[in-house]
Amino acid sequence: MKKPLLTIPKWHVADIDECAQQGGLTGNHCHLNTRCVNTSGSYVCECLPGYRRLDKFNCVEVDECATGQHACHANAECINTQGSYHCRCRPGYTGDGYDCKPVCNQTCLNGGQCVAPGVCSCRVGFVGASCEQDLDECAAGMHGCRETSVCVNMPGWYYCKCKPGFRTRDADCLDIDECRHGTHSCHVTARCVNTEGHFECHCPPAEEDPNCRLSCMFEDNEIPDGAKVSPQNQPCKICTCERGVISCADKPCNCSAWRGGPGRDLCCPQCDPKESCQHQELKHVVFQSGEQWIYQCQTCECLPGDCCPRCEDDPCNFFGNQTSGALSAGKPCSYQGHVIASGQTFNDPSSQCTTCACKDGRLCCSFGSSCADPDVHHGSPITEASHRHLASQTASIETYTPVPIASLLRPHATTRLPGV
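Convert by adding 165 to the 1-based position in the sequence shown; the result is the number in the working numbering.
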C-alpha cells in the first residue's frame, strides 16, 4: 500500500507598493524631479521630462538652450525654464519662436527676397541693396563668348551674338562668304576676296584693267570711294565707302545745338540733359547717366538728354506676365542638336557658376556673383541665329537633367540697405 504524498502548501507573498508612501522601510526614496514607478518587489525613480538622471534616486534639470536640444528658430532666442524652455523671436522678426519671419519694410525687386530686416537676398544675375541693378556679365568679363561673337547683356542674363560677317551653324559662329553669297558691296569691275568675318575688294594694276573701280554698290547706287551717304529713311545713320566696302554707323550728334532753332540737330535728344535718374518707386535710389535697372519686367536706362528713363522689354525676363504654362508653350531652344523646352533651365557643364535657361526660343545664361570660385566663369558661348540661340558646348545636354525654371529663384547674394 502506497503512502500518501505530502502536500506542502504554497504561500502567497503580496507585493509592497513602495510608491504609495514616501520614505521609511516600505516607502520610496525618489527625490524631486522624478516619478516613482512600482515594479514587482521594488520600484524605479524615473526622471520627469526636461531632467536627466544623476543617480538612482535623483534627476537634475537639462538646460536645452545650453545643450542645443531645442527647436527654436535660428532668428529666435531660447529661454530656459524649470524642466523645459520656450522660444522668442529676436527683434525685427515675428512669429511663435519656432518659425520667425523678418519684419520687412523695404522692397526687394526682381525676384529678390527679404531674409532679414533691411537685407535683400537677390536672385542670380542681380545686385544692389534692393536687387534693383543687373549684374552686367559682359562688362565684368563673366561670360563665355568667343572671339567670333559679342556678349549681349540682359537683365539677369546674357547671351552671345555672332559678330557681323558670321552666321550660326549648330553651336558655332562661322564666317559668311559674302563673295560667294553675293552680299558684298564691291563694284562689278572689282574682285571680291573673302576674309574672316569680312571681305575686301581688289583691283588689278591700272595697266591691266583701267576700268576697275573701288567704289561701293549700295541700295542700287554706286557710291564713290571715300564718300558718305545716309541709308533711305534713316537720316540719323551715316554709311562710308572705303575701297569698295560699305560700313554704317549712327551719325554723331551735335549736342551743342539741342536747344532748337533752324540749326538744331534732329538726331539729338530734344530735352534737357540729365546727369541722374530716380527709380520709379524707390525714390531714394538714384542712377547715374548710362546705368541700367529693371522696372516692371522692362530694362530701364538713364541716358544723357532723356527727360525720363527709357525702358524696353526684356526678352530674357522670366518674371513678366507670362504664366508657367505660357512659358512651356513657347518655342524650344536647340543645344548641340538636342531640344530644350521653353521654361527649362540647366547648369553649364563647363562653368560651375553659370546657369542657362530657354525662354521662348532664346537661350540665356547668368553668372552667379557669389560663386565660390570667382576665377571659374568662362563658360561656352551662346550664339544667335534668326530667333533661335544655340549654346556651344562639348558635352551633350543628355549628360545632365534640366530642372524647372523655378530653381532660378534660389536667393544667392544678400545685400543690406543703407542705414539699416
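Glycine included, every Cβ here is placed at the ideal spot set by N, Cα and C.
query, result
"Between the CA atoms of residue 381 and residue 388 - distance to the nearest angstrom", "5 Å"
"Status (buried if at least 16 other CB within 10 Å, exposed otherwise) for residue 395", "exposed"
"Cα-Cα separation between residue 230 and residue 215, rounded to whole angstroms", "11 Å"
"Simplified DSSP state of residue 185, which is helix, strand or coil", "helix"
"DSSP state of residue 297 mapped onto helix, strand, coil", "coil"
"Nearest-angstrom Cα separation, counted from residue 504 out to residue 510", "12 Å"
"Three-pair Cβ contact test at 8 Å for the region 342-354 versus the region 316-324", "no"
"Collapsed DSSP secondary structure at residue 255 in the structure displayed", "coil"
"Residue 334 - containing beta strand (DSSP E), residue span", "331-334"
"Residues that residue 530 bridges to, as DSSP identifies them", "323 and 521"
"Own chain partners of residue 367 with C-beta closer than 7 Å, once the 5 adjacent residues on each side are dropped", "355, 356 and 358"
"contact_flag[the region 294-302, the region 329-346] where n(CB pairs < 8 Å) is 3 or more", "no"
"Residue range of the unbroken beta strand (DSSP E) whose run includes residue 405", "402-407"
"The region 222-241 contacting the region 187-198, beta-carbon criterion three pairs below 8 Å", "yes"
"Cα-Cα separation, residue 213 to residue 244", "19 Å"
"Test item: CB-CB of residue 390 and residue 406 under 8 Å", "yes"
"Selected residue, minimal CA-CA separation from residue 506, among 520, 277, 518 and 524", "524"
"Option in 302, 276, 228 and 339 with minimal Cα separation from residue 312", "339"
"Cβ neighbour criterion (16 or more within 10 Å) applied to residue 266", "exposed"
"Residue 246 - partner residues in DSSP beta bridges", "249"
"Coarse secondary structure for residue 231, derived from DSSP in three states", "helix"
"Alpha helix (DSSP H) segment containing residue 305, residue limits", "302-305"
"Rounded Cβ spacing between residue 282 and residue 303 (contact assumed at less than 8 Å)", "The Cβ separation is near 34 Å, so there is no contact."
"Distance between residue 254 and residue 279 (C-alpha atoms, nearest Å)", "16 Å"
"Inter-residue spacing [alpha-carbon to alpha-carbon] between residue 273 and residue 399", "41 Å"
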